[in-house]
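Residue numbers (this note's numbering): 1 to 307.
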């Protein structure tokens, strides 16, 4: 184990900075990023089991609704947990993560059940990361929905998403070709994952989430960690002062048509209702049979009820 891993445990997410660390710390490089697109390129480094990346979901969804015509979000995997050769920050084995995830849940107001680390712990975040790269080969849009499904499985349903049966379950649910996914997962997706890790090193990514907002000249603004929404909006406007904010429908039906599942925090962020009112509305829709509610020990998530 190299020296850096003793001081930077990847599973120890700092709620104050909003960052989950990476095993090897690189000095941040001043790299100019190629951007041939007319829109703002957003290079997003994340990981399927990064609890801070789960915490950014409300802001990320709002950013796409308001500035989706101005930005092009590229998802890249960062390789948060290669294995368990870490012993720092009070986390040296999977069971140590359980209480930490419960704390993170409260900080971000996003439901996270840390008991997966007691009941069916993951030995690495690489398998679901490689699976995501395989999904991208089929459809970028479906890959993003697939990532969301993987996160709901691990954070709320306590499923070990390093196991193929759970990866396949998520893939089937979002309409991916599972056989093709398996083939790519065992083949070219591994190379694509290594490419992502290489790019992260080149750009000096130190943890997740990290977002680079790249303008037409290749200059970038970096938002490091889970931050309130204005941080991301400001980065967009610095990259393009003429970027226009799109108005979107904030009623529950329109929002759930766009995003099939939402937490109270997400509905709060997207609808503009306050947090307490958001939960009341979602519970009322549940009682009317329009939504289904999944309750965990640290919060709930609502989905559109299937006909």
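All C-beta atoms in this analysis are idealised placements derived from N, C-alpha and C, irrespective of residue type, glycine included.
query	result
Separation of residue 252 from residue 59, as counted between CA atoms	17 angstroms
Where the alpha helix (DSSP H) through residue 92 begins and ends	Per DSSP, residue 92 belongs to no alpha helix (DSSP H) and is neither H nor E.
Bounding residues of the beta strand (DSSP E) (the contiguous stretch that carries residue 222)	220-224
Any 3 or more C-beta pairs closer than 8 angstroms across the region 151-164 and the region 118-129	yes
Spatially closest choice to residue 302 from 270, 260, 275, 269, by CA coordinates	260
Cβ neighbour criterion (16 or more within 10 Å) applied to residue 57	buried
Outcome for residue 218 when other beta-carbon atoms lying within 10 angstroms are tallied against a minimum of 16	exposed
Runs of alpha helix (DSSP H) wholly within the region 54-89 (minimum 4 residues, chain order)	57-67
Straight-line gap, residue 136 to residue 129 (C-alpha atoms, nearest Å)	11 angstroms
DSSP beta-bridge partners of residue 44	75, 211
Beta strand (DSSP E) segment containing residue 291, residue limits	291-296
N-terminal and C-terminal residue of the beta strand (DSSP E) that residue 261 is part of	261-263
Buried versus exposed, by CB contacts within 10 Å (16 or more), residue 205	buried
Proximity below 8 angstroms, CB of residue 231 to CB of residue 50	no
Minimum C-alpha distance to residue 272 - residue among 247, 285, 184	247
Limits of the unbroken beta strand (DSSP E) element including residue 300	299-304
Segment contact flag, the region 163-173 with the region 140-155, C-beta cutoff 8 angstroms, min 3 pairs	yes
The region 173-184 touching the region 41-55, judged by at least three CB pairs closer than 8 angstroms	no
Nearest-angstrom beta carbon gap, residue 235 and residue 213 [assumed within contact, 8 angstroms]	4 angstroms
Beta carbon of residue 111 nearer than 8 angstroms to that of residue 296	yes
Cβ neighbour criterion (16 or more within 10 Å) applied to residue 191	exposed
Local conformation of residue 162 per DSSP, three classes	coil
Candidates 176, 293, 173, 76, of which the one nearest residue 198 by Cα	76
Beta-carbon gap between residue 300 and residue 293 smaller than 8 angstroms	yes
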